[in-house]
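Counted the way mature numbering (1 follows the signal peptide of the UniProt record, and there is no 0) counts, the sequence shown spans residues -22 to -1, 1 to 405.
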Amino acid sequence: MKKVKRIFSLVMALIMSTALLAGCTSSDKSSKAEGGKEKLVVWLPPIGPNDEPVWEPIFKKFEEENNCDVDLQIIPWDNYAEKYATAISAGKGPDVGYMYAEMFPQFIEMKAVEDLGSRLTDKDYENYTYIDAGKMMGGLYGLPIEAANPGVLYYNKDILAELGEQPPKTWDDFVRIAQKATKDTDGDGKIDQWGISQGWGAKVFGDLNWNWYNFLWQAGGDIFNEDLKTVRFNDEHGVEAAQFLHDLKFKYNVIPEDALAKTNKEMLESVFGPGKAAFAIHLSSSASNIFDKSFPDLNWGFVTSLENKSLGSFASVDQLTLMSAAKNKDLAFKLMQHMLSVESMTEFHKSNPRAPISKDEPYQGDPRFESMVYNEKDAYRPLMVGPHGIEIYEYLWKQLQRMMTGEVSPKEALDEAARYSNDLLGQ
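If you want it as structure tokens, here you go:
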């Protein structure tokens, strides 16, 4: 999952008004290139370690077939959303962009991204595996390019074997095993093995992905009501999820004492990776990116989702977008389709192993997760996209952090976050 950064409401309001005054027009970014060729600008984040050489032959083929130039710009993750907002307000954004779920509401409201519904055929809807994730706020605003990398529940096989336990299926299984795993293993009177390596110290809300959404969905809850006019995370299902997390620390004592000072990834690397916790929740890609590289002796397995009232694990679906300021929207959309074609994605995924994004593409991801990708799609999901998403998630994260310090109760934390959220949505 990518870094998620806050877009401040005041800044966004200024940008939105500026963009409207400017008519969201671009300057030179989609003008004719040297030699009179059409020029398309593509903004992508760093997906792999060497993105430009991987994309180069893919874009070259498109350039030759369409007598145009493609200018690929890799935009660092730091302040990623703000860079889009600033560029769009100045009329210098890309023709083809890349957005994660939390970004969409602001840019849809700015009319900065195009609704793609009328451009797609029945065959497109059939072939693009995760196309439903592009449906949001009354339109279809993106074509998925990154998906099926859920926050799974990792478990330490050696610890579970020593406890005589099988991988957990339910919340009750999880709590039972986590309690048994939490103990002093060297006799010095201090706990040195924990139930779960969970971090609550992140300054921004990205760790909601692992610490909150899974449990909220498993409890039967969600962030927004269907009409997107109010939130529902403080209903009985949300309170059940929050109480469960609160109890992990204050009732069952299965979370390390420094959890409030570290991010979830830091806890993964300092506690679960070295074999000092039974469980951790993080991206499925962490198996190859972290465990294989830094902890090759770690004997791990995974459960895609625990079950309570429902299944549910967070999986981001990042998408290519057709920007409204593109001067040649037909050509820009054609480029998007070329980037997502079976031929292009097959080549791209050779260097950056990922799950296929279309039904015709072969699987080139981590073989340990192939069965999950094809057989457990109902167990993971992206966020429901709604207005003011980033501001809502940011405030919700701060209230959950207060809950985990013991400053407020689970219900108080959620009610305060809901009050703030509903005030925003009612504006």
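Idealized CB from N, CA, C, for every residue including glycine.
Backbone secondary structure at residue i - three-state DSSP
i: glutamate 354; result: coil
i: serine 4; result: Low confidence applies to serine 4: its pLDDT is 43, below 50, so where it sits in the model is not reliable, and the reading given next is rough at best. In the structure shown, serine 4 sits in coil (DSSP, three-state: anything other than H, G, I, E or B).
i: glutamine 221; result: helix
i: proline 388; result: helix
i: threonine 383; result: helix
i: glycine 116; result: coil
i: residue 479; result: Residue 479 is absent from the model: the chain starts at -22 and stops at 405.
i: phenylalanine 82; result: helix
i: alanine 395; result: helix
i: serine 291; result: strand
i: isoleucine 368; result: helix
i: phenylalanine 211; result: coil
i: aspartate 100; result: helix
i: lysine -21; result: Here the model assigns lysine -21 a pLDDT of 43, short of 50, so the residue's position is not dependable, and the following value carries that caveat. Coil at lysine -21, not helix or strand.
i: aspartate 338; result: coil
i: tyrosine 230; result: coil
i: tyrosine 373; result: helix
i: threonine 324; result: helix
i: glutamate 285; result: strand
i: glutamine 171; result: strand
i: valine 153; result: helix
i: aspartate 236; result: helix
i: valine 182; result: coil
i: phenylalanine 202; result: strand
i: lysine 161; result: strand
i: aspartate 47; result: strand
Closest residue to residue i among the options (Cα-Cα distance)
i: proline 334; options: Val295, Ile66, Ser175; result: Val295
i: lysine 337; options: Pro72, Gly384, Glu87, Ile109; result: Ile109
i: isoleucine 83; options: Asp47, Leu361, Met381, Glu339; result: For the sequence presented, residue 83 should be read as proline rather than isoleucine. Of the candidates Asp47, Leu361, Met381, Glu339, the one whose C-alpha sits nearest the C-alpha of proline 83 is Leu361.
i: isoleucine 123; options: Phe228, Asp136, Asn105, Gln377; result: Asn105
i: glutamine 157; options: Gly173, Met88, Leu261; result: Gly173
i: histidine 215; options: Phe202, Ala197, Lys17; result: Ala197
i: alanine 126; options: Ala65, Leu261, Ala139; result: Leu261
i: methionine 301; options: Lys70, Glu41, Asp401; result: Lys70
i: proline 340; options: Lys39, Ser329, Val320; result: Val320
i: glutamate 41; options: Ala65, Met317, His366, Ala304; result: Met317
i: alanine 180; options: Leu238, Arg332, Gly165; result: Leu238
i: glutamate 244; options: Trp188, Lys287, Phe211, Pro274; result: Trp188
i: glutamine 315; options: His327, Lys328, Thr299; result: Thr299
i: methionine 114; options: Ala159, Glu92, Asp150; result: Glu92
The ligand ADP heavy atom lying under 7 Å from the CB of residue i
i: proline 122; result: Because no ligand of any kind appears in the structure shown, any question about the ligand ADP cannot be addressed here.
Sequence-distant residues of the same chain with beta carbon closer than 8 Å to residue i, five excluded per side
i: arginine 359; result: Trp195, Gly290, Ser291, Phe292, Ala293
i: glutamate 43; result: none
i: arginine 86; result: The sequence shown places isoleucine at residue 86, not arginine. Excluding positions up to five away in sequence, the list reads Met114, Met115, Gly117, Tyr119.
i: alanine 219; result: Trp190, Phe193, Leu194, Gln196, Ala197, Gly199
6 Å CB neighbourhood of residue i in its chain, flanking five on each side removed
i: leucine 226; result: Val232, Ile233
i: alanine 258; result: Tyr132, Ser175, Leu246, Phe250
i: lysine 389; result: Val217
i: glutamate 354; result: Thr282
i: proline 24; result: Ile52
i: alanine 65; result: Gly71
i: alanine 395; result: Tyr373, Leu374, Gln377
Cβ separation of residue i and residue j, assumed to be a contact under 8 Å, to the nearest whole Å
i: valine 351; j: alanine 79; result: About 19 Å; that fails the 8 Å criterion.
i: leucine 94; j: tyrosine 119; result: 7 Å
i: tyrosine 371; j: tyrosine 398; result: That pair is no contact at about 11 Å.
i: isoleucine 52; j: leucine 22; result: 6 Å
i: phenylalanine 222; j: phenylalanine 193; result: 6 Å
i: lysine 376; j: glycine 279; result: With 8 Å as the limit, lysine 376 and glycine 279 do not qualify as a contact, their Cβ atoms being about 34 Å apart.
i: aspartate 49; j: valine 20; result: 7 Å
i: glycine 75; j: asparagine 330; result: With a Cβ gap of about 19 Å, glycine 75 and asparagine 330 do not count as contacting.
i: glutamate 285; j: lysine 89; result: Contact doesn't hold; Cβ gap of about 41 Å is too wide.
i: residue 410; j: phenylalanine 326; result: Residue 410 falls outside the range modelled here, since the chain spans only -22 to 405, and no answer is possible.
Closer than 8 Å to chain C by CB, residue i
i: serine 349; result: Checking the listed chains, one finds no chain C in this structure; it contains a single protein chain.
Residues near residue i by beta carbon distance below 7 Å, same chain, minus five either side
i: aspartate 162; result: Lys168, Ile169, Asp170
i: glutamine 379; result: Trp178
i: aspartate 356; result: Leu289
i: leucine 309; result: Glu16, Leu18, Asn44, Cys46
Residue i, enclosing beta strand (DSSP E) - first and last residue
i: alanine 65; result: Note, alanine 65: premise wrong, no beta strand (DSSP E); alpha helix (DSSP H) at 58 to 67.
i: leucine 261; result: 255 to 261
i: arginine 281; result: Correcting the residue identity first, residue 281 is valine in this sequence and not arginine. Counting along the chain, the beta strand (DSSP E) containing valine 281 begins and ends at 278 to 281.
i: proline 122; result: 121 to 124
i: lysine 17; result: 16 to 22
i: valine 74; result: 74 to 77
Start-to-end residues for the alpha helix (DSSP H) that takes in residue i
i: glutamine 297; result: Note, glutamine 297: premise wrong, no alpha helix (DSSP H); beta strand (DSSP E) at 296 to 300.
i: tyrosine 191; result: 191 to 196
i: valine 130; result: Run containing valine 130: none in the alpha helix (DSSP H); it sits in the beta strand (DSSP E), 129 to 134.
i: methionine 362; result: Taken as a continuous stretch (DSSP letters only), methionine 362 belongs to no alpha helix (DSSP H), as it is neither H nor E.
i: tryptophan 33; result: 29 to 44
i: aspartate 308; result: 307 to 317
i: methionine 245; result: 242 to 245
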